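Student: The structure under discussion is supplied below as structure tokens; questions concerning it will follow.
Residue numbers (this note's numbering): 1008 to 1439.
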């Protein structure tokens, strides 16, 4: 099949939302949702706290004079491998016929390899070594992320999508806060933090693959494999307009969130002077407190918005409102530099991001082109979570070199991204 035919076929794929009344799948149990949420907690615990606290601390020890630039490089290479891996692993899991299950197989493999890389990163003795190990880590995280998230369209009926999205969405802030407290308040040391994170990942994902059963995919159900069609299929979903709009919206919002989170430690150190404000405490503890406040806001807003979104069967109004709320918080911290404003931003941004999480995952699963490639297509969506890291060297250069260490530029830029993220999903027609 030619590229033109593949893209033409993808453009004609059904893009209307899955109707709740037409979905005959049984409702999933609370136990299933809790296990799914717990798996996502473990996944995010070893992603964001690692990048927000642990790697900045490690980079500052290895290269204190160029910490912002070096951190940007480490995050960028991680983003590159994650972006590449997520859709590829989704596609591979779509075609996996092992008896253990097409998603569980790769979650288990990724868990083992990520644990090994966490231990190796704990002992990195240069920025180059850390960057290489972090790049490999990004690759293996992709082996976990896409299969875990694809379980939602695999198993959850449309009528429960926003509720399931709320459980999964809550996992991100909960994982972040647990990881942040472990690193900054309880362990307070780089190497042991890596080891504890590896242990938590193995225990929780081990329980997940043990108790969440999957029906194996029969080989007869798969179409013949053709390399050319397989490669071209990665571009096909982006020709479906609503899928593309959803992807762009998520990319912009996650970009805004990452800018706020990844530079918070340096912001508290270099602008707020947290240690001078609170003698005897560390900036890492300040980040931890910010995350606690942010997480409480996310949890409350996610639960409320998730229930309302399912009740009303509306996604777009919630996402649009969320983006405006997040932008308000970002513009506030961009122009007013004080510790109380940091905490206020945590509340405002958390509320907005919680609303976004409750509706965005549900929206993403409903605009996926129908067929047997849910993993690959959702992998393209989840790649938007890590692609922003590729632009970190440029953003860092502008904020810290061109604009002379301007956090006003940095956080103001993030506010604009949040607003653009809301505008990006406005043209979507297949989901309300």
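Just so you know, even glycine gets a beta-carbon here, dropped at the ideal spot from N, CA and C. Keep in mind it's a predicted model, so treat the numbers as computed, not measured.
Suppose you measure from the CA of residue 1101 to the CA of residue 1411; what does that come to, to the nearest Å?
Tutor: Distance between the alpha carbons of residue 1101 and residue 1411 is about 48 Å.
Student: Between residue 1048 and residue 1182, is the Cβ-Cβ spacing less than 9 Å?
Tutor: A contact, by the Cβ cut-off of 9 Å.
Student: Considering only the alpha carbon of each residue, which of 1117, 1419 and 1389 lies closest to residue 1086?
Tutor: With distances taken between Cα atoms, residue 1086 lies closest to 1389.
Student: Just how far apart, CA to CA, sit residue 1397 and residue 1089?
Tutor: Cα to Cα, the separation comes out at about 10 Å.
Student: The alpha helix (DSSP H) that contains residue 1047, what's its start and end?
Tutor: Looking at the DSSP string, the run of the alpha helix (DSSP H) that includes residue 1047 is 1037-1052.
Student: Is the beta carbon of residue 1337 sitting closer than 9 Å to the one on residue 1267?
Tutor: Their beta carbons are under 9 Å apart, which means residue 1337 touches residue 1267 by this criterion.
Student: Measure the Cβ-Cβ separation of residue 1219 and residue 1039 and say whether it is below 9 Å.
Tutor: Going by C-beta atoms, residue 1219 is nearer than 9 Å to residue 1039.
Student: Using the Cβ count rule (16 or more neighbours within 10 Å means buried), how would you classify residue 1402?
Tutor: Per the 10 Å Cβ criterion, buried.
Student: Starting from the C-beta of residue 1433, find all residues in its chain whose C-beta is less than 6 Å away, skip the five residues before and the five after it, and write them out in chain order.
Tutor: Excluding residues within five positions, none has a Cβ falling inside 6 Å.
Student: Which residue from 1160, 1418, 1107 and 1190 puts its Cα closest to that of residue 1289?
Tutor: For residue 1289, the nearest C-alpha among the options comes from 1190.
Student: Where does residue 1445 fall in DSSP's three states?
Tutor: Since the displayed the chain opens at 1008 and closes at 1439, residue 1445 lies outside it and no answer follows.
Student: Give the DSSP-derived three-state secondary structure of residue 1435 in the structure shown.
Tutor: In the structure shown, residue 1435 sits in coil (DSSP, three-state: anything other than H, G, I, E or B).
Student: Return helix, strand or coil for residue 1301, following the three-state DSSP convention.
Tutor: If DSSP states are grouped into helix, strand and coil, residue 1301 belongs with the helices.
Student: When you compare only the Cα positions, how much space is there between residue 1321 and residue 1438?
Tutor: Those two C-alpha atoms are separated by around 8 Å.
Student: Less than 9 Å between the C-beta atoms of residue 1126 and residue 1201, yes or no?
Tutor: Yes, these two residues count as a Cβ contact at 9 Å.
Student: Go ahead and pull the three-state DSSP assignment for residue 1396.
Tutor: Helix.
Student: Closest to residue 1307 by CA distance: which of 1362, 1277 and 1293 is it?
Tutor: Nearest of 1362, 1277 and 1293 to residue 1307, Cα basis: 1362.
Student: Please report the straight-line C-alpha distance between residue 1122 and residue 1113, rounded to a whole angstrom.
Tutor: For residue 1122 and residue 1113, the distance between alpha carbons rounds to 14 Å.
Student: What's the gap between the Cα of residue 1192 and the Cα of residue 1203?
Tutor: One C-alpha to the other measures close to 14 Å.
Student: Under the three-state reduction of DSSP, which class applies to residue 1028: helix, strand or coil?
Tutor: Interpretation of residue 1028 is limited by its pLDDT of 48, a score under 50 that renders its predicted location unreliable; the figure taken from the coordinates is listed afterwards. Residue 1028: helix per DSSP, three-state reduction.
Student: Relative to the alpha-carbon of residue 1187, which residue among 1292, 1416 and 1156 has its alpha-carbon at the smallest distance?
Tutor: Comparing Cα-Cα distances from residue 1187 to each of 1292, 1416 and 1156, the minimum goes to 1292.
Student: Based on Cα-Cα distance, which residue from 1365, 1167 and 1109 lies nearest to residue 1035?
Tutor: For residue 1035, the nearest C-alpha among the options comes from 1167.
Student: Could you check the C-alpha separation between residue 1212 and residue 1407 for me, to the nearest Å?
Tutor: So the alpha carbons of these two residues sit roughly 39 Å apart.
Student: How would you write the range of the alpha helix (DSSP H) that residue 1111 sits in, first residue to last?
Tutor: Taken as a continuous stretch (DSSP letters only), the alpha helix (DSSP H) holding residue 1111 covers 1111-1129.
Student: Would you say residue 1117 and residue 1150 are within 9 Å of each other, going by their C-beta atoms?
Tutor: Going by C-beta atoms, residue 1117 is nearer than 9 Å to residue 1150.
Student: In terms of alpha-carbon separation, which member of 1041, 1354, 1079 and 1259 lies closest to residue 1059?
Tutor: Nearest of 1041, 1354, 1079 and 1259 to residue 1059, Cα basis: 1079.
Student: In whole angstroms, what separates the C-alpha of residue 1155 from that of residue 1195?
Tutor: Using only the alpha carbons, I get a separation of about 30 Å.
Student: From residue 1326 to residue 1115, what distance separates their C-alpha atoms?
Tutor: About 33 Å.
Student: Give a yes or no on whether the C-beta atoms belonging to residue 1137 and residue 1081 are separated by under 9 Å.
Tutor: Result yes, Cβ atoms of residue 1137 and residue 1081 sit closer than 9 Å.
Student: Check for me: the alpha helix (DSSP H) holding residue 1091 runs from which residue to which?
Tutor: Per DSSP, residue 1091 belongs to the alpha helix (DSSP H) from 1074-1101.
Student: Alpha carbon to alpha carbon, how far is residue 1386 from residue 1095? Give it in angstroms, no decimals.
Tutor: Their Cα atoms are separated by approximately 7 Å.
Student: Considering Cα atoms alone, identify which of 1145, 1430 and 1178 is closest to residue 1253.
Tutor: Ranking the options by Cα distance to residue 1253, first place goes to 1430.
Student: Can you give me the Cβ contacts of residue 1315 inside the same chain, cut-off strictly under 7 Å, excluding the 5 residues immediately before and after it?
Tutor: Once the five neighbours on either side are set aside, residue 1315 has no close Cβ partner at all.
Student: Comparing C-alpha positions only, which one of 1399, 1418 and 1367 sits nearest to residue 1170?
Tutor: Among 1399, 1418 and 1367, the Cα nearest to that of residue 1170 belongs to 1367.
Student: Under 8 Å Cβ to Cβ from residue 1277, same chain only, skipping five residues before and after it: list those, please.
Tutor: These residues qualify, in order along the chain: 1412.
Student: I need the straight-line Cα distance from residue 1063 to residue 1210, nearest angstrom please.
Tutor: Looking at the two C-alpha atoms, the distance is approximately 26 Å.
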